[in-house]
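S.K.: So the protein sequences, as listed, match chains F and W.
For the first sequence, counting from 1, position 438 maps to 946 in my numbering; every step adds exactly one.
For the second sequence, counting from 1, position 121 maps to 129 in my numbering; every step adds exactly one.
Virtual Cβ for every residue (Gly too), placed ideally from N, Cα, C.
Got a structure here, written out as structure tokens. Questions coming.
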Amino acid sequence: MTTRLLNDRDIEFMLYEFLDTENLLKRSRYQEHSREVFNATLDTAKVIAEKYFAEHNAKGDANEPTFDGEKVHQIPETKEAWDAFAEAGFLAAHYDFEDEGMQMPEIILRASMAYFTAANVATSAYPFLSLGVANLIHSFASEEHKARFLPPMKDGRFSGTMALTEPGQGSALADIKTYAEPAKDGTYRIFGQKMFISGGDQSITSNILHMVLAKIKGAPAGVKGISLFICPKVLVNEDGSLGERNDVALAGLLHKMGYRNTTSTVLSFGENGGAVGYLVGEPHKGLSYMFQMMNEARIGVGMGAALLGYQGFNYSLDYARERPQGRLPSTRDPESKQISIIQHADVRRMLLAQKSYVEGGMAMCLYASSLFEDSQTGETEEIRKEAITLLDLITPMVKSWPSAYGLKANELAIQVLGGSGYIREYPVEQYYRDNRLNPIHEGTDAIHGLDLLGRKVTMDNGAGYKLFNKALATTIAEAREQSSLAEFAEQLESALNTLNTVTSTLLNKLPEGIDEGMANATIYLDLFGRVFASWIWLKQAMTATQGLAKADVQENDRNFYQGKLQANRYYFEWELPHIETQANLLMSHNLTTFEMQDAWF
Amino acid sequence: MKILVAVKRVVDYNVKVRPKSDGTDVDIANVKMSINPFCEIAVEEAVRLKEKGVATEIIAISMGPKQAQEQVRTALALGADRGILVESDEDLQPLAIAKMLKAIVEKESPDLVILGKQAIDGDNNQTGQMLGALTSMPQGTFASEVNVADGRVSVTREIDGGLQTVNLSLPAIVTTDLRLNEPRYASLPNIMKAKRKPMDTFTPEDLGVDATPRVKTLSVEPPAERKAGIKVADVAELVDKLKNEAKVI
Ligand SMILES: Cc1cc2nc3c(=O)[nH]c(=O)nc-3n(C[C@H](O)[C@H](O)[C@H](O)COP(=O)(O)OP(=O)(O)OC[C@H]3O[C@@H](n4cnc5c(N)ncnc54)[C@H](O)[C@@H]3O)c2cc1C
């Protein structure tokens, strides 16, 4: 049984029914495009993903990269996949025509990336990071550095990394130790160690650009003293040719549970006099620049988590249709044929839960990416501003909700396969191991909880929060008009009220003691995520209801839409209600975990 | 040298089609459609001939609904120079398609017509051969290797007993088998370029072809589910069952 990549019908639904991607064609930036071009782009992504990425997903897991003290060795398929990705033009697709790009909308690129990630999350990490690094350079580097570094990134000769974490510092970047000293030629010399840097060395590209966070000597303490540097593995001459090796050394590879074909590296900067680094933008503003890449990466992490979940869902669904086992409780005849396990209600429960998580997660991330698109190319200043404000608010959930529930889906996929789910002869245990990373990197759940409650909900006088309320209210009003959805409109309204009450209760309490007040922020994040996910599901259900109402709807489409409606019902009836328990804990300012003491363990 | 390549719009090979419950047809509403894989191989072969300097122009043609222009565009993105769409909402069958191709062959006078050996929807394996009969062009079907030299094309064919090579005078027809080549994918810049390549649209009437289907589908059903097996006591019982129940001997 091979694994299907995603579900083309669902992608079409999300892009053109749930979201109005075709409407982008009205924007002047996309006048040259057509739905045909979008679809051809997705087709190319899928073909390359199937041929060059999916094929070595298991092989890359079984043969993790090695380091012989000089060089990193990887299975050769990794480079072939990278080359195919680059040659097809995906590294340059979203740039302007005049910059040799295709002016491809963000959402089409994101949906294209979905195929690669679904096929092989570990190998996709290289282009994924490089796209982000190129964007970062494009947004904030000087013209000179753009001219020197962007062309080789767009054609795939250079890749990129984000080098934030250190052996001592992960969640709390304010305390990083890596530092930079100005050199006479206007560049900097960087000293320090970075850890967990994905793609920090590899056997794919001739050069790697590390985007390094470091403190310039004498900088202010905390995050306000962090600067961003481009630090190439191999120095690049002004004419673009490669020069000497920079003073960046691979100290070693880390050995991971999943995502194995992505190298995880410990990098040493400046062991021999200092690594040449080029300051990006202004001094001490590095973290704010890096946030652009992190925010982009956070949508990507959420998406990756949803997609790994999706692959497990696909596999376990096919398996459940084919695996005969047992009979219904009502069947007494021992000689009757065994039924396929999908006929067991409990297996359908596990499949439906997976469906609600993975399709919900993917829709959530594509919605976020449509907001990003609007923030860049929306017709009016107001549209652009509102889009970015709302996106800022929901980013913690867009990252965390799919990370939590995509993983849960993978766990259920294993359960659907039974013993076969637990052995490496089947792919679902790898999906689980791969997906286990997602609640950790790009900010752990805890960090996003703190960010949400401590910053995002009150930012700009709660502007994002108000927009979220407005958006839900609109959907609630619309859904109420459709008799089949009115019950969900009621439930969402009540859930939104709960969220609002919890939010104001928590915010009011904060001044009394911020440590206590923030103690349960991760639970708040999950509650918020559930309300958000319900909204995304109700919007999908509304779209499906419209689809069903079409006069010429055919049988397989009817089934597809019915599936959406049932997954919506599942989410509202089985998952959303948990917020009541969470709300009780939060509103009573439950301090059981807070008051637990170290010594009592 | 001019090459005409035919590309058919079919249900994507990944899609598992199911019969409609009323048994009139398979349900393909809103399923993913693609170029027939054998036609992709045909396009690839034409593009390689052009890259080798053998061919100078490649025309991609599709016959089908308006949306079949997507498949013509794909062929253009893969390297064809211009496209033709013969638009018809009829259920187009091999004979009608061959007749339309003949009309286009007369208009364009290609030196080589390359088609897939069959389409994965109907699995008919007829169009190339019918076109050969209608135009009196020589044909090399099930090609696994194609070489053009000195006004002739030599085609290595995959046949039951092994390989057979035929040497044909041009103009000729080639139908492709799976092993002929490995098709490329369309790069994004080429997808954009394809948008600007010319495409002509005709109807069957424009070409003087009556596209009315000649073969009627009576019903479409899924294959019968396999029943549980039984154990026979001895050979005699087996023979008896084969004779009298299964009626196969
Ligand atoms: C496979 C992999 C790839 C990675 N790729 C990169 C990369 O490319 N570039 C890069 O820079 N980094 C990368 N990272 C690092 C990653 O971002 C960090 O691991 C992550 O941010 C957590 O930091 P930490 O490991 O130091 O854990 P810690 O910060 O030590 O956290 C440990 C635990 O404490 C909790 N915790 C910490 N602070 C708080 C707080 N204030 N309140 C409540 N709880 C808290 C955390 O939630 C977590 O549960 C990668 C990590 C992995 C595993």
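Would you please verify whether the beta carbon of residue 52 of chain W is less than 8 Å from any beta carbon of chain F?
M.R.: no
S.K.: Under 8 Å, do residue 189 of chain W and residue 49 of chain W count as touching if we go by C-beta distance?
M.R.: In this structure, residue 49 of chain W lies closer than 8 Å to residue 189 of chain W by Cβ.
S.K.: Could you run through the segment 123-156 of chain W and flag, in chain order, every residue whose CB is less than 9 Å away from some CB of chain F?
M.R.: none
S.K.: Looking at ligand 1, does it come within less than 7 Å of residue 706 of chain F, judged from the CB to the closest heavy atom?
M.R.: In this structure, the C-beta of residue 706 of chain F approaches ligand 1 to less than 7 Å from one of its heavy atoms.
S.K.: Using the three-state DSSP reduction, which class does residue 919 of chain F fall into: helix, strand or coil?
M.R.: helix
S.K.: Could you check if residue 679 of chain F belongs to the surroundings of ligand 1, using beta carbon to heavy atom distance under 7 Å?
M.R.: yes
S.K.: In chain A, what lies closer than 8 Å to residue 561 of chain F by C-beta?
M.R.: Considering every chain present, this structure includes no chain A. Its protein chains are F and W.
S.K.: For a contact defined as C-beta to C-beta under 7 Å, what are the partners of residue 7 of chain W on chain F?
M.R.: As shown, chain W starts at 9 and ends at 257. That puts residue 7 of chain W outside it, with no answer to give.
S.K.: What residues are listed by DSSP as bridge partners for residue 183 of chain W?
M.R.: W:123
S.K.: Secondary structure at residue 1025 of chain F, three-state DSSP: helix, strand or coil?
M.R.: Here DSSP, grouped into helix, strand and coil, assigns residue 1025 of chain F to helix.
S.K.: Can at least three beta-carbon pairs, one atom from the segment 813-831 of chain F and one from the segment 859-874 of chain F, be found at a separation below 8 Å?
M.R.: Touching, yes, given that three or more Cβ pairs across the two stretches are closer than 8 Å.
S.K.: So the candidates are F:793, F:784, F:768 and F:536; which of them puts its Cα closest to the Cα of residue 564 of chain F?
M.R.: F:768
S.K.: Can you give me the start and stop residues for the alpha helix (DSSP H) that residue 1111 of chain F sits inside?
M.R.: Any answer about residue 1111 of chain F is impossible in this case: the structure gives chain F only from 509 up to 1109.
S.K.: Anyone know if the C-beta pair for residue 150 of chain W and residue 185 of chain W falls short of 8 Å?
M.R.: yes
S.K.: Which residue comes first and which comes last in the beta strand (DSSP E) that contains residue 10 of chain W?
M.R.: 10-14
S.K.: Report whether the distance from the Cβ of residue 767 of chain F to the nearest heavy atom of ligand 1 is below 7 Å.
M.R.: Flag set: Cβ of residue 767 of chain F near ligand 1.
S.K.: For a quick check, are the C-beta atoms of residue 695 of chain F and residue 786 of chain F less than 8 Å apart?
M.R.: The criterion of a C-beta distance shorter than 8 Å is satisfied by residue 695 of chain F and residue 786 of chain F.
S.K.: My output table needs one value for residue 938 of chain F: the three-state DSSP class, helix, strand or coil.
M.R.: helix
S.K.: Could you tell me whether the segment 1070-1082 of chain F touches the segment 975-991 of chain F, using the rule of 3 or more Cβ pairs below 8 Å?
M.R.: no
S.K.: Is DSSP giving residue 967 of chain F helix, strand or coil here?
M.R.: helix
S.K.: For ligand 1, is there any heavy atom lying closer than 7 Å to the beta carbon of residue 741 of chain F?
M.R.: no
S.K.: Return the residues of the segment 188-202 of chain W that lie within a Cβ-Cβ distance of less than 7 Å from chain F, sorted by chain order.
M.R.: 193, 194, 195, 196, 197, 199 and 200
S.K.: For the segment 583-599 of chain F, list every residue whose C-beta sits within 9 Å of some C-beta in chain W, in sequence order.
M.R.: 592, 595, 596, 597 and 598
S.K.: Excluding sequence positions up to five away, which residues of its chain have a Cβ less than 6 Å from the Cβ of residue 928 of chain F?
M.R.: Setting aside the 5 residues that flank it on each side, residue 928 of chain F is surrounded in the same chain by 934, each with a C-beta closer than 6 Å to its C-beta; the list follows chain order.
S.K.: At 9 Å on the CB atoms, spell out the chain F contacts of residue 28 of chain W, in chain order.
M.R.: 1062, 1063 and 1064
S.K.: What number of angstroms, rounded off, separates the C-alpha of residue 823 of chain F from the C-alpha of residue 116 of chain W?
M.R.: 49 Å
S.K.: Using the beta-carbon count (16 or more within 10 Å), is residue 246 of chain W buried or exposed?
M.R.: exposed
S.K.: Any beta carbon of chain F sitting closer than 8 Å to that of residue 211 of chain W?
M.R.: no
S.K.: Kindly say whether residue 549 of chain F, judged by its beta-carbon, lies nearer than 8 Å to any beta-carbon of chain W.
M.R.: yes
S.K.: Would you give the residue range spanned by the alpha helix (DSSP H) that residue 77 of chain W belongs to?
M.R.: Residue 77 of chain W -> alpha helix (DSSP H) spans 77-86.
S.K.: Please classify residue 654 of chain F: does DSSP put it in a helix, a strand, or coil?
M.R.: helix
S.K.: Look at residue 761 of chain F and residue 770 of chain F and say whether their C-beta atoms are less than 8 Å apart.
M.R.: Against a cut-off of 8 Å, the Cβ pair of residue 770 of chain F and residue 761 of chain F comes out as no contact.
S.K.: Can residue 956 of chain F be considered in contact with ligand 1, in the sense that its beta carbon sits closer than 7 Å to one or more heavy atoms?
M.R.: It does not: the Cβ of residue 956 of chain F is nowhere closer than 7 Å to a heavy atom of ligand 1.
S.K.: Can you check whether the C-beta of residue 881 of chain F is within less than 8 Å of a C-beta belonging to chain W?
M.R.: no
S.K.: Taking the Cβ atom as the reference point for each residue, do residue 160 of chain W and residue 75 of chain W lie within a distance shorter than 8 Å?
M.R.: no
S.K.: Compute the beta-carbon to beta-carbon distance between residue 917 of chain F and residue 820 of chain F, rounded to the nearest angstrom, for a pair I have assumed lies under 8 Å.
M.R.: Here residue 917 of chain F really is in contact with residue 820 of chain F; their C-beta atoms are around 6 Å apart, less than 8 Å.
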